[in-house]
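This report concerns only the one structure given below.
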Amino acid sequence: MKKLVLFIPLILVMVMGVFLYKGLFLNPQQLESALEGKPIPAFQLERLEDSSEIITNETLIGKVSLLNVWATWCPSCKYEHPYLMRFARQNILPIYGINYRDDRGPAIRELTREGDPYTKNIFDHDGRLGLDLGVYGAPESYLVDHNGIIRYRYAGPIDQRVWSETLLPMIKELQAVAKQEGAS
Amino acid sequence: MIKSIFTIMAALLLSLTVTAVNATPVDTYEFKSVENQKRALGLAHSLRCPQCQNQNLIDSNSPVAQDLRLEVYEMVDAGKNDAEVIEFMTSRYGDFVLYKPRMEAKTLVLWLGPVGLLIIAFIIGFIFIRKQRIVATEVVEISAEEQSELDKLLKRDDK
Chain A
1 MKKLVLFIPL
11 ILVMVMGVFL
21 YKGLFLNPQQ
31 LESALEGKPI
41 PAFQLERLED
51 SSEIITNETL
61 IGKVSLLNVW
71 ATWCPSCKYE
81 HPYLMRFARQ
91 NILPIYGINY
101 RDDRGPAIRE
111 LTREGDPYTK
121 NIFDHDGRLG
131 LDLGVYGAPE
141 SYLVDHNGII
151 RYRYAGPIDQ
161 RVWSETLLPM
171 IKELQAVAKQ
181 EGAS
Chain B
1 MIKSIFTIMA
11 ALLLSLTVTA
21 VNATPVDTYE
31 FKSVENQKRA
41 LGLAHSLRCP
51 QCQNQNLIDS
61 NSPVAQDLRL
71 EVYEMVDAGK
81 NDAEVIEFMT
91 SRYGDFVLYK
101 PRMEAKTLVL
111 WLGPVGLLII
121 AFIIGFIFIR
131 KQRIVATEVV
141 EISAEEQSEL
151 DKLLKRDDK
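Sequences listed follow chains A and B, in order.
Numbering follows full-length UniProt numbering, with no gaps: position 179 of the first sequence is 179.
Numbering follows full-length UniProt numbering, with no gaps: position 73 of the second sequence is 73.
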């Protein structure tokens, strides 16, 4: 029994080892969003392509949608763009763009040249919406349910793998819930 | 002599460069009062930049940190208290932005862990020391027979 006391340090070291080992596989860049489970912050911003059209948080309610933060100055957004085009063609859900801290001219030009995967583009010139969303880089994407509640945030470019392994199952699930609630 | 002067010069030069590196980017923001400035800078120092992660809002030059810094300054100048500013930040960027974690159920290990480990160390140390003392007293107790034999040996040595 007394000998067991001698094993306490070993056990402690082993417990710490387990925690440190688990820590090796955490990605510090992938921050948990503080907004998951909360509604989209209220905003009133111009549409990128048409300054007379005002988009608000109400616009996004009613359908499961994807909010994608992008900008012309963001290299990873260029990597992500062809994938977004592909997902947009599949017509699974509306993809709203948040044109983040960008200029109108170059942004529109980029979309005409490379194609426009977005249902609508929100022009967040001074980054205020981005700030309220807790955006710390671009690209970032937010999965929003039909009630306008943010369900998931993905930081970084979406590619085929992220889409099919992470986003699509969640979208399907949210859409099923939306259908159920719409029916009942 | 020359060598020591050289060393002093080198040390001086080094201290100068170190301060230059530590100099924070100058902000042109004008505070309403000196107290506000002190409080806002203190707050910004205690908040982590969500993008660069290992710098606080003052030290970081990333656009997000600049934005958030300005936001903190403006909130302080608008008369918001520290708790309101911190609430604003954590509601957007999560507890991650706090360099000093809040005392919560999930951070309890973080706060009490070191104290717990210290207590365990004391207990183990105490047990060890007591055990050794018991062994030491046991060794001192020798029988009368052994004592007489020891005396004989000591006497032999004296001769």
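Note that beta-carbon positions come from the ideal geometry of N, C-alpha and C, so glycine has one too.
As the structure is a prediction and not an experimental result, all values here were calculated from the model.
Worksheet entry | Any C-beta of chain A under 8 Å from that of residue 93 of chain B | Working through the second sequence from its first residue, we reach residue 93 of chain B at position 93. True, the Cβ-Cβ gap to chain A drops below 8 Å.
Worksheet item: List, in order along the chain, the chain A residues whose C-beta lies closer than 7 Å to that of residue 7 of chain B?
Response: Counted from its first residue, the second sequence places residue 7 of chain B at position 7. Chain A residues near residue 7 of chain B: none, gap ~41 Å exceeds 7 Å.
Worksheet item: What in chain A is Cβ-close to residue 51 of chain B, meaning under 9 Å?
Response: Residue numbering aside, residue 51 of chain B sits at position 51 when the second sequence is read from its first letter. Correct list: 136, 137.
Practice prompt. Could you tell me if residue 137 of chain A is buried or exposed, where buried requires 16 or more neighbouring beta carbons within 10 angstroms of its beta carbon?
Written response: Here residue 137 of chain A corresponds to residue number 137 of the first sequence, with the count starting at 1. Residue 137 of chain A is buried by the Cβ-count criterion.
Item to complete: Find the residues of chain B that neighbour residue 33 of chain A, judging by a C-beta separation of less than 8 Å, and give them in chain order.
Response: Taking the first residue of the first sequence as position 1, residue 33 of chain A is located at position 33. Simply 94.
Worksheet item: Assuming residue 150 of chain A and residue 55 of chain A make a contact with CB atoms under 8 Å, what is their CB distance in whole Å?
Response: Position 150 of the first sequence, counted from the start, is the residue given in the question as residue 150 of chain A. Position 55 of the first sequence, counted from the start, is the residue given in the question as residue 55 of chain A. Not quite, the Cβ-Cβ distance comes to about 17 Å (not below 8 Å), so this is no contact.
Item to complete: Might you give, ordered along the chain, the residues of its own chain that have their beta carbon closer than 7 Å to the beta carbon of residue 71 of chain A, omitting 5 neighbours on each side?
Response: Walking along the first sequence from the start, residue 71 of chain A turns up at place 71. Result list for residue 71 of chain A: 77, 99, 100, 101, 102, 138, in chain order.
Item to complete: Please classify residue 91 of chain A: does DSSP put it in a helix, a strand, or coil?
Response: On the first sequence, position 91 is the one that residue 91 of chain A refers to. Coil, per DSSP.
Worksheet item: Which ranges would you report for the beta strand (DSSP E) in the UniProt domain "Thioredoxin" (34-176) of chain A if only whole runs of at least 3 residues count?
Response: 44-46, 54-56, 65-70, 95-100, 120-124, 140-144, 150-155
Practice prompt. Express the C-alpha separation of residue 120 of chain B and residue 108 of chain B in angstroms, rounding to a whole number.
Written response: As a working mapping, residue 108 of chain B is identified with position 108 in the second sequence. As a working mapping, residue 120 of chain B is identified with position 120 in the second sequence. So the two alpha carbons sit approximately 17 Å from each other.
Discussion item. For a cutoff of 8 Å on Cβ pairs, would you count residue 142 of chain B as touching chain A?
Written reply: Mapped onto the second sequence, residue 142 of chain B falls at position 142. Closer than 8 Å: no.
Worksheet item: Would you call the region 82-95 of chain A and the region 115-135 of chain A touching, i.e. three or more CB-CB distances under 8 Å?
Response: yes
Discussion item. Is residue 8 of chain A close to chain B? Criterion is C-beta to C-beta, closer than 8 Å.
Written reply: The residue labelled residue 8 of chain A in the question sits at position 8 within the first sequence. So yes, residue 8 of chain A belongs to the interface.
Worksheet item: Would DSSP call residue 54 of chain B helix, strand or coil?
Response: Reading the second sequence from its first residue, position 54 is the one you call residue 54 of chain B. Looking at residue 54 of chain B - three-state DSSP - the assignment turns out to be coil, as it is neither helix nor strand.
Discussion item. Against residue 63 of chain B, what residues of chain A qualify as contacts under a CB-to-CB distance less than 8 Å, listed in chain order?
Written reply: Indexing the second sequence from 1 puts residue 63 of chain B at position 63. What residue 63 of chain B touches in chain A: 101, 127.
Discussion item. Here's a check: name, in chain order, each residue in its chain whose Cβ is nearer than 8 Å to the Cβ of residue 100 of chain B, leaving out the five neighbours to either side.
Written reply: Against the second sequence, residue 100 of chain B aligns to sequence position 100. Contacts found: 46.
Discussion item. Check whether chain B comes within 8 Å of residue 111 of chain A, counting only Cβ atoms and requiring the distance to be less than that.
Written reply: On the first sequence, residue 111 of chain A is found 111 positions in, with the first residue counted as 1. Answer no: the Cβ-Cβ gap between residue 111 of chain A and chain B never drops below 8 Å.
Item to complete: Return the Cβ separation of residue 127 of chain B and residue 5 of chain A in integer angstroms, given the expectation that the two are a contact with Cβ distance under 8 Å.
Response: To locate residue 127 of chain B, count along the second sequence from 1; it is residue 127. To locate residue 5 of chain A, count along the first sequence from 1; it is residue 5. That belief holds up - the Cβ atoms of residue 127 of chain B and residue 5 of chain A are roughly 6 Å apart, short of 8 Å.
Practice prompt. With DSSP as the reference, label residue 102 of chain B as helix, strand or coil.
Written response: For this step, residue 102 of chain B is matched to residue 102 along the second sequence. In the structure shown, residue 102 of chain B sits in coil (DSSP, three-state: anything other than H, G, I, E or B).
Worksheet item: Is the Cβ-Cβ distance between residue 168 of chain A and residue 143 of chain A less than 8 Å?
Response: Translated into the one-based positions of the first sequence, residue 168 of chain A becomes position 168. Translated into the one-based positions of the first sequence, residue 143 of chain A becomes position 143. No, these two residues do not count as a Cβ contact at 8 Å.
Practice prompt. Would you tell me roughly how many angstroms separate the C-alpha atoms of residue 14 of chain A and residue 86 of chain B, rounded to the nearest one?
Written response: Reading the first sequence from its first residue, position 14 is the one you call residue 14 of chain A. Reading the second sequence from its first residue, position 86 is the one you call residue 86 of chain B. About 37 Å.
Fill in: Test item: CB-CB of residue 108 of chain A and residue 68 of chain A under 8 Å
On the first sequence, residue 108 of chain A is found 108 positions in, with the first residue counted as 1. On the first sequence, residue 68 of chain A is found 68 positions in, with the first residue counted as 1. No, the Cβ-Cβ distance between residue 108 of chain A and residue 68 of chain A is not below 8 Å.
Fill in: When B:63, B:41, B:83 are compared against residue 130 of chain A, the one with the closest alpha-carbon
Stepping through the first sequence from its first residue, residue 130 of chain A is reached at position 130. Checked all of B:63, B:41, B:83; the closest Cα to residue 130 of chain A is B:63.
Item to complete: Would you mind reading off the limits of the alpha helix (DSSP H) that contains residue 44 of chain B?
Response: Translated into positions along the second sequence, residue 44 of chain B becomes position 44. Residues 34-46.
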